[in-house]
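Structure, as structure tokens:
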Amino acid sequence: MGRPFIEFIQAQALPWRRGGLPGSPEVEVRELSVDADTAATSMLLRYPPGWRLAGPTALDVDEELLMLAGDLAVGGTRHTRLGYAYLPAGYRRAGMESAGGAVVLTFLSGSPAGSTPEGCDSARLIERASGLDGDWGAGFHPRFPPGAGRKILRQDPDTGEQTWLLGTMPLRSGSRPERHPVAEEMYLLSGELAGPVGVMRAGAYFWRPPQAWHGPFGSLTGNLMLFRTKGGPLSTVYTEHEVEFSWSPEHRPILPEHLREYGTPLPADGCAAY
1 MGRPFIEFIQ
11 AQALPWRRGG
21 LPGSPEVEVR
31 ELSVDADTAA
41 TSMLLRYPPG
51 WRLAGPTALD
61 VDEELLMLAG
71 DLAVGGTRHT
81 RLGYAYLPAG
91 YRRAGMESAG
101 GAVVLTFLSG
111 SPAGSTPEGC
121 DSARLIERAS
131 GLDGDWGAGF
141 HPRFPPGAGR
151 KILRQDPDTG
161 EQTWLLGTMP
171 LRSGSRPERH
181 PVAEEMYLLS
191 GELAGPVGVM
201 RAGAYFWRPP
211 QAWHGPFGSL
221 TGNLMLFRTK
231 GGPLSTVYTE
241 HEVEFSWSPE
251 HRPILPEHLR
261 EYGTPLPADG
271 CAAY
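Once you know that position 136 of the sequence shown is 136 in the working numbering, the rest is easy, because the numbers rise by one and skip nothing.
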């Protein structure tokens with residue numbers, strides 16, 4: 001079964017619940033999507049001010065994180081806004097803490113069953129990166145509409161799976177639907193994005209299965225998005241024909257049954273991304 005097709009849900013509409021981390025019931029979680037086969041989960045974690053977890057510990061699943069707000073120290077590595085890490089299963093954490101509290105976009109490769117013997121795949125380890133550092137790339141596809149830049153955060157040395165930030169300028173739009181041979185996941189960090197199923201605001205999330213046609217898209221405000229692929233690196237096929245783009249599409253998200261009650265649109269009022 002895997003993950004259901006979600007395009008799109010606003011994270012702000014989902015409830016917070018306690019128990020986001022094993023052994024830390026005070027950490028709250030908003031589940032964005034879950035793989036029914038592997039228990040891999042995409043979620044927001046909200047750490048309260050003064051939170052601490054004694055170490056050393058090591059999860060038995062991979063954890064990928066991007067900071068949305070606040071501060072979080074993983075061992076001796078401190079992350080703040082747009083801080084990023086990829087911590088493979090077995091990565092030793094000499095404790096964790098958040099002085100001021102934090103909201104963290106978090107991806108787990110499965111359901112943590114507790115601690116595991118120390119020792120991780122160092123080729124896949126990224127202890128610290130930041131969306132505020134490094135260069136933006138452009139021209140990554142000849143049919144990708146101009147006015148956007150991409151910043152690669154991670155490419156898996158074995159599978160080729162990628163995580164990157166995509167930023168676009170205001171008043172940019174496309175005219176061709178597209179698809180990819182891999183699953184594609186996105187979280188909208190700022191701005192808005194208009195497409196065939198509605199207008200996404202900051203905090204919007206989608207999970208697309210491989211080969212799902214989508215687009216075209218445009219943004220009045222410009223935006224910043226986090227993308228991930230599952231199943232390999234990103235490649236794109238565009239239609240040969242162009243289609244009409246709308247700046248004010250009807251709100252008709254694609255949602256599984258359990259999320260439909262949360263599928264209402266958000267007003268255009270500059271909402272926070274969580």
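Backbone N, C-alpha and C fix where the C-beta goes; we use that ideal spot for every residue, glycine too.
Please read all numbers here as calculations on a predicted model, not as lab measurements.
Restricting attention to R172, L32, D135, L234, the CA atom closest to the CA of P210 is found in L234. For the pair H251 and G119, the Cα-to-Cα distance works out to about 47 Å. Assigned with DSSP and collapsed to three states, S98 falls in strand.
Put simply, the segment 98-112 touches the segment 38-47. At least three CB pairs are less than 8 Å apart. For S248 and G198, the gap between their C-alpha atoms comes out near 7 Å. The beta-bridge partner set that DSSP reports for E185 consists of W207, R228. The Cβ-Cβ distance between M67 and R52 does not fall below 8 Å.
Taken through DSSP and simplified to helix, strand or coil, Y274 comes out as coil.
Distance check between G101 and each of E28, P256, P181 places E28 closest, using alpha-carbon atoms only. Taking C-alpha positions only, L65 is separated from Y91 by approximately 14 Å. If one requires a minimum length of 4 residues, no alpha helix (DSSP H) run lies completely within the segment 9-88.
Under the three-state reduction of DSSP output, R260 falls in the helix class. If you look at T236, you'll find it isn't in any beta strand (DSSP E); DSSP assigns it neither H nor E. In terms of Cα proximity to I9, the closest of E127, P216, H214, R201 is R201. Distance from E184 to Y238 at the Cβ level is roughly 14 Å; contact not present, criterion being Cβ atoms closer than 8 Å.
In this structure, DSSP gives R128 an extended state, which the three-state scheme calls strand. Cβ-Cβ distances below 6 Å link A138 to G149 in the same chain, with the five nearest sequence neighbours on each side left out; the list follows chain order.
Annotated three-state conformation of S109 is coil, per DSSP. Contact between L189 and L226 holds: their C-beta atoms lie close to 6 Å from each other, under 8 Å. Contact check for Y274 and A58: beta-carbon distance about 27 Å, past the 8 Å limit, so the pair fails to qualify.
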